[in-house]
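I have placed the structure first, in the form of structure tokens, so that the comments after it can refer back to it.
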Amino acid sequence: MYRCLRSNPHILVFVVAASLLMGVVGCTTAKKTANEGDDAFAHQNWDAAVYHYLQALAEDPENIDYKMQLTFARQKAAQKHFQNGLALRKLGHLLAARNELQMAVQLDPTNQYAEQVLEDVREEMEILSTPGGARKLEELKDEARQAKVQPPVLNPKSTAPITLNFPKPKPVKEIYNAIGKAYGFNVLFDPKLKDDRLAIELRDLTAEQSLEMVMQGAGHFYKVLDERSIIIADDTPQNRREYEDLVIKTFFLSNAEVKDIDKLLRSLIEARRLSTNEQLNSITLRDTADKVAIAEKLIRINDKAKAEVLIDVEILIMASTKNSNMGTALSTYNFLFGLGEETADGGIDPIDSIFVDQIRNLSSSNWFVNVPSVLVNLTKAAGEAQVLAQPQLRVTEGEKATLMIGDEVPIPVTSFNTSNTVGGSVVPITSFQYKDVGIQIEVEPRVHHNREITLDLKVEISNVGETVKVGETEAITIGTRTITSVIRLKSGESSMLAGLIRRDKTKGVTGTPLLMDIPWIGRLFRNENITNKDLDLVLTLTPQIIRFPDIDEEDLAPVWVGTESRISYSGTRPRVQSGRAPQGPFDDNASAQEQGDAGETDKRPYGTPASRRPTAPRRVTPPPADNQGVDLVPP
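For the record, in the sequence shown the residue sitting at position 78 is 60 according to my numbering, with numbers rising by one throughout.
Shown next, in the form of structure tokens:
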């Protein structure tokens, strides 16, 4: 090949020309493709913009502009697909939602919120694809609610409701023994328990409901020893401290601050035995099982990742300058007298010095006067400039993000030192402080649950002004314009701030003294220079949510925590093993658990509201000779 090129130089010329032509054609094609991408970007056709920028970058891989435009287009397209995926998921179209979310993650792998939602959609699709999948979702939520710190629970042999009737006052210990015999568990009593007499009717109640009714009427509480045994004692603070088991548990926080959780637990559940570890961001609690369970619930609800917002900032600065220079001007505003000799070409050769005896030989031809020339100015100029910046700010909810576009200007600061000087003279010491001059944006976002964003915004625009003299020191002035505002926008909605205009007008006049002040004629002897400068700033902010707090249904449900004097996880309900999670009056499906048609058995655990709830039992002190009886009525 080399010999061929040496023997045929025309081939070498052809190869070089073809290479240059291919490079020119490639650059032209890349430019055309990039222009198509710009058009698609302007019409918000993000997918087409990504496609064209990818093609342009493939033809011109070293072009920085194409890379930047591709990055912006990918982020816009990813956000669009993410919004479509959320809308489709809300409508129940999981397959289409998964496809949109996959596109969003592929276009923007840094969008963790989209990745998390995609995983949730995949799990939902997997569950729904199995037999009974829709029901399994609710079962998983129930299991999560029941996975709490608990002491041993009572598991009676019989869970069917029965009726126990004590129409006449009877010793309360005998009532407890009758309940234990009927449901198949052992009952022990505290040695200091008083055997008061009680009349009560327990109709169609389960073991836990029967125990609760009698406990409330007699003022007792019980502790579960094992699944077949309980011990009953008077409900006093001393007995509570003696019988209730304590639990120690450490919670490792992922997002919340340990000091905030410490304050929360001390305030809500009056937890005093707390220990925090700021290095591990953990908190250790020692308290009753109920309080630990409530603390776990509160920590799970509050230990959430904050929302994140991506703010697109577009800054357009339009500068306009108009200059007008009209009038007559002299080349120099002075007359020069001197001595000289005429040269051969008609010019003047100035004489710097002469001898004294030569003065008498001087004539008028040796003197010259330099007259300035006259220049007529008739010019008018105009210019415009645009400076465009498109930065992006990614900020966590509740945190401040700052954007500074400008320069640091040194400001002299002079101080005077009188110490360590001879005679106490004052010595000035000058130092410099740097001040940011330009465009400074400070924004703090807050994400609302309806996917709206509140921006606490502060915009400061400053510029270096004229130099002023302060004493013997020259100082510069800095002009500042500040806007402080709070705006609320939807995710993807833009807000524009315009009208931040600065106008400067300068006028200068030069001319011949006295003559320039003559009316009408004076215009021939002076020159006017007028300059108008306009500066307009347009600021556009577009916030987009890229991470949303993971708040589920369980976080919004109310929690039963007992009474003011007695905090318990399930309110006043005893801890009895049940195949169902406790329900309350705030639960949506509570009404569906009530007793149905005649002959059906109410399977609700105690605490579920029904149409009528039994009234509190009445404590009666019977006469000594009263005959007692117990009626066991099967269901």
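For glycine and all other residues, C-beta sits at the position ideal for the given N, C-alpha and C.
{"Item": "Cα separation between V520 and R268?", "Value": "58 Å"}
{"Item": "Under a three-way DSSP split, which group does T526 fall into?", "Value": "At residue 526 the sequence reads Gln, which differs from the Thr that was named. Correct three-state label for Q526: strand."}
{"Item": "Does the pairing of the segment 47 to 63 with the segment 26 to 36 give three or more beta-carbon distances under 8 Å?", "Value": "yes"}
{"Item": "Suppose only complete runs of 3+ residues qualify. What are the beta strand (DSSP E) ranges in the segment 203 to 286, listed by chain order?", "Value": "211 to 216, 228 to 234, 256 to 259, 264 to 270"}
{"Item": "Just checking, does the segment 250 to 267 make contact with the segment 212 to 220 on the three C-beta pairs under 8 Å criterion?", "Value": "no"}
{"Item": "Touching or not, the segment 494 to 510 and the segment 458 to 469, by the rule of three or more beta carbon pairs under 8 Å?", "Value": "no"}
{"Item": "Please work out which residues of its chain come closer than 7 Å, Cβ to Cβ, to T459, disregarding the five sequence neighbours upstream and downstream, and give them in chain order.", "Value": "G447, E448, V450"}
{"Item": "Nearest-angstrom Cα distance between K72 and A79?", "Value": "9 Å"}
{"Item": "Do the segment 226 to 238 and the segment 187 to 195 meet, that is, are 3 or more Cβ pairs less than 8 Å apart?", "Value": "no"}
{"Item": "How big is the Cα-Cα spacing for F507 and T488?", "Value": "20 Å"}
{"Item": "Comparing C-alpha positions only, which one of F234, P495, D42 sits nearest to K13?", "Value": "D42"}
{"Item": "For Y33, which three-state DSSP category applies?", "Value": "helix"}
{"Item": "Given this structure, state the Cα-to-Cα distance separating F171 from V196, to the nearest angstrom.", "Value": "14 Å"}
{"Item": "Buried or exposed, going by whether 16 or more other CB atoms sit within 10 Å of the CB of N93?", "Value": "buried"}
{"Item": "Within the segment 37 to 83, note down every full alpha helix (DSSP H) run reaching 4 residues or more, in order along the chain.", "Value": "46 to 73"}
{"Item": "In the DSSP assignment, find the unbroken alpha helix (DSSP H) run with I161 in it and report its ends.", "Value": "154 to 165"}
{"Item": "Is E475 helix, strand or coil when you go by DSSP?", "Value": "coil"}
{"Item": "Going by the beta-carbon positions, is the gap between K205 and E226 smaller than 9 Å?", "Value": "yes"}
{"Item": "Among all the DSSP beta bridges, which residues are the ones paired with T10?", "Value": "Answer is none; T10 lacks a bridge partner."}
{"Item": "To which residues of the same chain is S631 closer than 7 Å at the C-beta, ignoring the five residues directly before and after it?", "Value": "Residue 631 lies beyond the residue range present for the chain, which begins at -17 and ends at 617; the question has no answer from this structure."}
{"Item": "With DSSP as the reference, label I411 as helix, strand or coil.", "Value": "strand"}
{"Item": "By how many angstroms is the C-alpha of T303 removed from the C-alpha of N509?", "Value": "20 Å"}
{"Item": "Just the Cα atoms here: how many angstroms apart are V541 and L70?", "Value": "32 Å"}
{"Item": "How is I182 classed by DSSP in three states: helix, strand or coil?", "Value": "strand"}
{"Item": "Please state the DSSP three-state secondary structure of T396.", "Value": "strand"}
{"Item": "Since I believe A40 is in contact with H63 (beta carbons under 8 Å), could you give me their beta-carbon distance rounded to a whole number of angstroms?", "Value": "Between A40 and H63 the Cβ distance is about 22 Å, and since that is not below 8 Å, they are no contact."}
{"Item": "How should S257 be labelled, buried or exposed, when 16 other C-beta atoms within 10 angstroms of its C-beta is the threshold for buried?", "Value": "exposed"}
{"Item": "Using CA coordinates, which residue listed in T492, E379, G461 is at the minimum distance from L437?", "Value": "E379"}
{"Item": "Among A271, I265, V377, which has the Cα closest to the Cα of V295?", "Value": "V377"}
{"Item": "Label T524 either buried or exposed according to how many other C-beta atoms from any shown protein chain fall within 10 Å of its C-beta, with 16 as the threshold for buried.", "Value": "buried"}
{"Item": "Quick check on the burial criterion: 16 or more other C-beta atoms within 10 angstroms. Buried or exposed for S476?", "Value": "exposed"}
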